[in-house]
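A quick write-up on the structure given underneath.
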Amino acid sequence: MSWGEDVAVVLDADTAPVWWPNLYLSVVLRDGGRAFATQRRAAAAIVQAHAWADAAGVDLADRIRSLEFLGTDEVAAIRQWLREDVAVRDGRIPPRHGTVRVVCNRTWIERCRSVVAYVRWCGGHALQRLVRGTPVYVEAAMRLDAFITQMTKLLPSAGSVAREGFDDAETGAILEASLPGSAGNPFEAKHQQRNFLIVFLLYELGLRLGELRGIKRHDLMLAGSRPVVTIHRRDNDPDDTRRRRARTKTAARTLPLSRASAFALNKWLTTERLDPKVYPGGKRNPYVFVSERGLPIAEETIHAIFRKLRTAPDVPDGFVPHLLRHTWNDRFSELADAEQLRPGIEAQTRRFLMGWSKTSNQGEHYTQRHIREQGATYLRKLQDLSFSGSSRS
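Quick note: the sequence shown uses this note's numbering, first residue 165, plus one each step.
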């Protein structure tokens, strides 16, 4: 009897159908206390893995159950599939330069690791049906290890994919593409003001996406010389009927608004947002940002806006909402340097504006570009001193 037949005899003892993705998401991710966003990304990666298997004519569940897993060529194919931009591949947005775009390294790594964790867990259940230490068990375990190695080898290291904010040229292209009336704006005129404000407030205030979606009209004070917006934490808000509610992870705080933001928000709230032909039901909605149906705007809608913006000229392929929070932190670091703020004052101010606790060290994760550029500047100065003989070398 062959190795595969030996395994089949053991595994056929349990013929009850199990939908492994649902079980994995329920038992491992949800019951394991993972953040909702983490669960969502892992689920999306697993869905893509099964979508690749369907397209390739591979029964992924059967391969795992029989402990055959995937061959080298199949692993290369699924890795490439996970690297592609799903929205482009599915035809929801057009490709740039006639080719399917790839996601950033960080997203690609996370997708591959999510699929590996899923297959390892499912494969572990299958292995438990075999007698540990037997030749069949050893060979099956080696096959699983080989799959994991092939899926994760040559991936960029974690240190090389730290998220960075956008530089001045990239930021300029993003704001130009978002500006109402701009020649490169990819949206219908009736939605340009709303979409611009979504991008501009994320850029100007460094908000999380959940914070932006949770802003209500009475959170804004636009009159007077010092307009402000208050970011609240509203757990279990009865007004929030969205499938994925607007959650605020950070502390409540009141932030100043620029006059440009206050003017644009006032225009949006008093004109475009109240147009029943464009946003029906918008008047009855307490939230600032609404969908085309006049409902509280969904996170998926905002991600669709950003996907559309990525098709505009010179907008980075990696343009996603959270990177504007990184960009804000880089801009704040530059301002702190220019104002010669003491490190303690800079850290306290940053924590307050970002909504972090007084002891948080989150700022270290949001200033990668500034740290890199500052380090390069200091190194050049040191090299100049060495060249002129003014410093020991």
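The C-beta atom is built at its ideal place from N, Cα and C for all residues, glycine as well.
Quantities reported herein were computed from a predicted structural model and do not represent experimental measurements.
- Counted as a single uninterrupted DSSP element, the beta strand (DSSP E) harbouring L419 occupies residues R417 to P420.
- Note that the region 371-385 touches the region 396-410; at least 3 beta-carbon pairs, one per stretch, sit closer than 8 Å.
- Bridge pairing for L384: V393 [DSSP].
- With fewer than three CB-CB distances shorter than 8 Å, the region 480-498 does not count as touching the region 454-461.
- In this structure L234 is not in contact with W272, their Cβ atoms being roughly 18 Å apart against a cut-off of 8 Å.
- Annotation: S455 is outside any alpha helix (DSSP H) and is labelled neither H nor E by DSSP.
- The beta-carbon distance between P450 and R381, rounded to whole angstroms, is 6 Å. This is short enough to meet the 8 Å contact definition.
- Looking from the CA of T394, the closest CA among I228, D218 and L371 belongs to L371.
- With contacts defined by Cβ atoms closer than 8 Å, V280 and T316 form a contacting pair.
- Measuring C-alpha to C-alpha distances from S278 to each of A341, L187, H396 and V211 identifies V211 as the nearest.
- Annotation for G374: the continuous alpha helix (DSSP H) segment containing it runs L373 to R377.
- Shortest Cα-Cα distance from R515 to any of A416, S190, V442 and D401 involves A416.
- Within the same chain, Cβ atoms closer than 6 Å to the Cβ of A476 are found at A341, G348 and P350, the five residues on either side in sequence being excluded.
- Linking F364 to I469 through their CA atoms gives a straight-line distance of about 13 Å.
- Distances from the alpha-carbon of A251 to those of N525, W285 and H467 put H467 closest.
- Listed as beta-bridge partners of P344 by DSSP are no residues whatsoever.
- With a contact defined as Cβ atoms closer than 8 Å, E334 and P480 qualify at about 5 Å.
- At a Cβ-Cβ threshold of 8 Å, R204 and E274 do not count as neighbours.
- Within the same chain, and ignoring the five residues on either side of V239 in sequence, the residues whose Cβ sits closer than 8 Å to its Cβ are F311, Q314 and M315.
- The beta carbon of R437 lies closer than 7 Å to those of Y443, G446 and V454 in the same chain, with the five residues before and after it left out.
- Minimum Cα-Cα distance from A207 among the listed residues G221, D401 and L187 corresponds to L187.
- With contacts defined as CB atoms closer than 8 Å, L487 and Y367 fail to qualify as a contacting pair.
- Sixteen is the threshold: since fewer than 16 other Cβ atoms of the shown chains lie within 10 Å of the Cβ of T541, the residue is exposed.
- With 16 or more neighbouring CB atoms inside 10 Å of its own CB, V283 falls in the buried class.
- Residues of the same chain with a CB within less than 6 Å of the CB of R296, apart from the 5 flanking positions on each side, do not exist.
- Inter-residue distance for V302 and L231 is about 11 Å (C-alpha atoms, whole angstroms).
- Between F483 and I362 the beta-carbon gap is near 13 Å, outside 8 Å, which marks them as no contact.
- Straight through space, the alpha carbons of D249 and W183 are spaced by roughly 26 Å.
- Residue pairing by DSSP places E248 opposite V266 in a beta bridge.
- Nearest to H529 by C-alpha distance, out of E464, A511, K545 and A462, is A511.
- Separation of the CB atoms of L386 and L429 is rounded to 6 Å, and the pair is thereby assigned contact status at 8 Å.
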